[in-house]
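In order, the protein sequences belong to chains A and B.
So the first sequence is numbered by this note's numbering: it starts at 1 and just counts up by one.
So the second sequence is numbered by this note's numbering: it starts at 1001 and just counts up by one.
Virtual Cβ for every residue (Gly too), placed ideally from N, Cα, C.
Just so you know, these numbers come straight off a predicted model, no measurement behind them.
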Amino acid sequence: MSDSSMWVSISGIIRRDLLLAMRRWSDAAMSVFFLVIVVSLFPLGVGPEPAVLRTIAPGVLWVAALLTCLLSLARVFTPDYLDGVLEQMVLVPQPLSLLVLGKVLAHWVISGLPVVLLSPLLGLQFGLEGEALGVLVLSLLLGTPTLSMIGAIGAALVLGVRGSGLLVALLVLPLYVPVLIFGAGAVTSSMAGIGGEANLSLLGACLVLSLFLAPWATAAALRIALE
Amino acid sequence: MIWSKYSAPQAFYPLAGRLIPWFATVAVILMVVGLYMGFFVAPTDFQQGESYRIIFVHVPAAWMSMFLYVVMAVWAGVGMGLNARLSFMMAQAIAPTGAMFTFLALLTGAMWGKPTWGAWWVWDARLTSELILLFQYAGVMLLRTSIDDLRRADRSSAVFALVGVVNVPIIYYSVQWWNTLHQGASVSMATGSKMAATMLMAMLIMTIAFWMYSIAVILARVRCVMVERESLSTWDEKAAAMPQAVEAR
């Protein structure tokens, strides 16, 4: 298969999923509001002490981003599974892992990109400033695609299984831990003045590794689910 | 002797039954010897005093927890590649034992941490990654039980087990990659051991004992899995009637 037809099939899937998401924009809006509400709960629960809030900010924002991604995972494959489109995707001559890559990228644009764009605002609420705010955005920009990639594996594994909502959390959250540690660690170390470069590089490595392996594992899981 | 015939559950069931007592006996003997050497023969540590002696359970348990995960993933991979029923049954039988050793490693680690670090638990890289391993074992088992279709349950949990293998090198190298509270490895292939000879010997004996215990328990469990899955079909009764299948117990 030539490069151009590869790109056509990926971009076709992305355009289709984005169009569907725009037609049902309330789904995407829900995850954004969920993020804002979860993040706002922490100052109410912990208390408005600025020093404390600044310390917990990287962890809280990252955990909230992780939960937002988790809650939107059911939307990646379930609608297509229910109306039979997914079965057609398995049958078409284009490799399934490529189509999966397209679907995951679309999922990131719908549920990950809003988190990245909103994060400076939420960071300001917690008293983050200057460089730390920039590192927060950069870490989420590198980390949220990895979350979508890993999440897609879990979403494909539990497709059509009873209790899939809880099960996908149990499967995916342990695998999210390295991303959480490096992401929150980048912001914390830049606040401590030692720079977040090391953790950002590790996040980049996670992203490259997941881009390489996750679509393949997801495609295998989808084939098993559709047997 | 053609070994490949044992890839059929019908042939493997009686073989496993005959092997279990041997592995179990060796495990018990080695465990008694290893614990005696660990608790009474090995010298007291000059830094940590007597509290270090839990190492004879802690380190072998931690090794087994990682090793069994890799073995489980290998069986899962073989099952996916060759579409072999027995491989999936082995993967299913290994998971609970692996989870037990992971829990044992965390528990003994906590009991060791309290006197030496002053805390039951610290959030350092090795403890956290070992905890994630426990969650992964739980994920593999829960995913299997949530799916009613046996074929899909096998293959889905195999994919998850294979994805989780990424964590094993992270646990193993975590004490080198991050600056952790957990002490570095006392035994390594490259530099040899930094321990007294009796300490090392007791630890290795305990490791082999745990290994033999795992084999005995996994074989017993895989027999249960076979009976459960094949609903005691005719081959089981036929195999039991054969003279060489009479069990030594």
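Check: Measuring only between beta-carbons, confirm whether Ala1073(B) sits less than 9 Å from chain A.; Outcome: no
Check: Please identify the residue among Gln125(A), Pro178(A), Val60(A) whose C-alpha is closest to the C-alpha of Asp1124(B).; Outcome: Pro178(A)
Check: In or out: Arg75(A) buried (at least 16 other Cβ within 10 Å) or exposed?; Outcome: buried
Check: Considering just the uninterrupted stretch of the alpha helix (DSSP H) at Leu222(A), what are its terminal residues?; Outcome: 197-226
Check: From Arg223(A), Pro79(A), Gln125(A), Ser210(A), pick the residue whose C-alpha is nearest to that of Arg16(A); which is it?; Outcome: Pro79(A)
Check: Please confirm if Leu1068(B) has its CB atom under 9 Å from at least one CB of chain A.; Outcome: no
Check: Do Met149(A) and Ser207(A) have their beta-carbon atoms positioned less than 9 Å apart in this structure?; Outcome: Inspection of the sequence shows that residue 207(A) is occupied by Leu rather than by Ser. Cβ atoms of Leu207(A) and Met149(A): closer than 9 Å.
Check: Taking 9 Å as the cut-off, decide whether the C-beta atoms of Ala1011(B) and Ala1091(B) are in contact.; Outcome: no
Check: When the Cα atoms are used, what is the spatial distance from Glu1247(B) to Ala1216(B)?; Outcome: Any reading at Glu1247(B) needs caution, since the residue's pLDDT is 44, under 50, leaving its predicted position unreliable; the model's value is listed next. Going by the C-alpha atoms only, they are around 14 Å apart.
Check: Quick one: give me the first and last residue of the alpha helix (DSSP H) that Leu159(A) is part of.; Outcome: Where Leu159(A) is concerned, there is no enclosing alpha helix (DSSP H), given that its DSSP letter is neither H nor E.
Check: Can you tell me whether DSSP reads Ala1248(B) as helix, strand or coil?; Outcome: Summary for Ala1248(B): the model assigns pLDDT 40, below 50, so the residue's position carries little reliability, and this model does not support an answer.
Check: Could you list which residues in chain A have their beta carbon closer than 8 Å to that of Gly1139(B), in chain order?; Outcome: Leu170, Leu171, Pro174
Check: Starting from Pro48(A) and walking both ways along the alpha helix (DSSP H), at which residues does that stretch end?; Outcome: Looking at the DSSP string, Pro48(A) is not in any alpha helix (DSSP H), and its letter there is neither H nor E.
Check: Does any CB atom of chain A fall closer than 9 Å to the CB of Ser1087(B)?; Outcome: no
Check: In the structure shown, what three-state DSSP assignment does Gly1049(B) receive?; Outcome: strand
Check: Determine the direct distance from the alpha carbon of Ala205(A) to that of Gln125(A), and round the result to whole angstroms.; Outcome: 30 Å
Check: Below 9 Å between beta carbons: does that hold for Leu128(A) and Ala64(A)?; Outcome: no
Check: Kindly confirm or deny that the region 1078-1092 of chain B and the region 1139-1158 of chain B touch, where touching means at least three C-beta pairs closer than 8 Å.; Outcome: yes
Check: Would you mind sorting Met1203(B) into buried or exposed? The rule is 16 or more other CB atoms within 10 Å of its CB.; Outcome: buried
Check: To the nearest whole angstrom, what separates the beta carbons of Leu1143(B) and Leu157(A), a pair I think is in contact under 8 Å?; Outcome: 6 Å
Check: Is there a Cβ from chain B that is less than 9 Å from the Cβ of Glu197(A)?; Outcome: no
Check: Do Ala106(A) and Leu226(A) come within 9 Å of each other at the CB atom, strictly closer than that value?; Outcome: no
Check: Would you mind listing the alpha helix (DSSP H) stretches within the region 1057-1112 of chain B that are 4+ residues and don't spill past its ends, in chain order?; Outcome: none
Check: Which chain A residues sit within Cβ distance under 8 Å of Val1159(B)?; Outcome: Ile153, Leu157, Ala217, Ala220, Ala221, Ile224
Check: Which one of Phe42(A), Ser210(A), Met30(A), Ile181(A) has the shortest CA to CA distance from Val115(A)?; Outcome: Met30(A)
Check: Along chain A, in chain order, which residues have C-beta atoms closer than 7 Å to that of Arg1155(B)?; Outcome: Ile224
Check: In angstroms with no decimal places, state the Cα-to-Cα distance between Gly154(A) and Val187(A).; Outcome: 27 Å
Check: Under 9 Å, Cβ to Cβ, is there at least one residue of chain A near Met1253(B)?; Outcome: Absent from the model: residue 1253(B). The displayed extent of chain B is 1001 to 1249, so no value can be given.
Check: Taking Cβ positions only, does Ile110(A) come closer than 9 Å to chain B?; Outcome: no
Check: Once you ignore the five residues that flank His1058(B) on each side, which residues in its own chain have a CB closer than 7 Å to its CB?; Outcome: Ala1105, Thr1108, Gly1109, Trp1112
Check: Do the region 1069-1077 of chain B and the region 1034-1041 of chain B touch if we need at least three Cβ pairs shorter than 8 Å?; Outcome: no
Check: Between the C-alpha atoms of Leu113(A) and Val36(A), what's the straight-line distance to the nearest angstrom?; Outcome: 14 Å
Check: Is there at least one Cβ from chain A nearer than 9 Å to Thr1097(B)'s Cβ?; Outcome: no
Check: Could one say the Cβ of Leu1254(B) lies closer than 9 Å to chain A's Cβ atoms, at least one of them?; Outcome: An answer regarding residue 1254(B) cannot be provided, because it is not within the stretch 1001 to 1249 covered by chain B.
Check: Looking at Ile1170(B) and Ile1094(B), is the spacing between their C-beta atoms short of 9 Å?; Outcome: no
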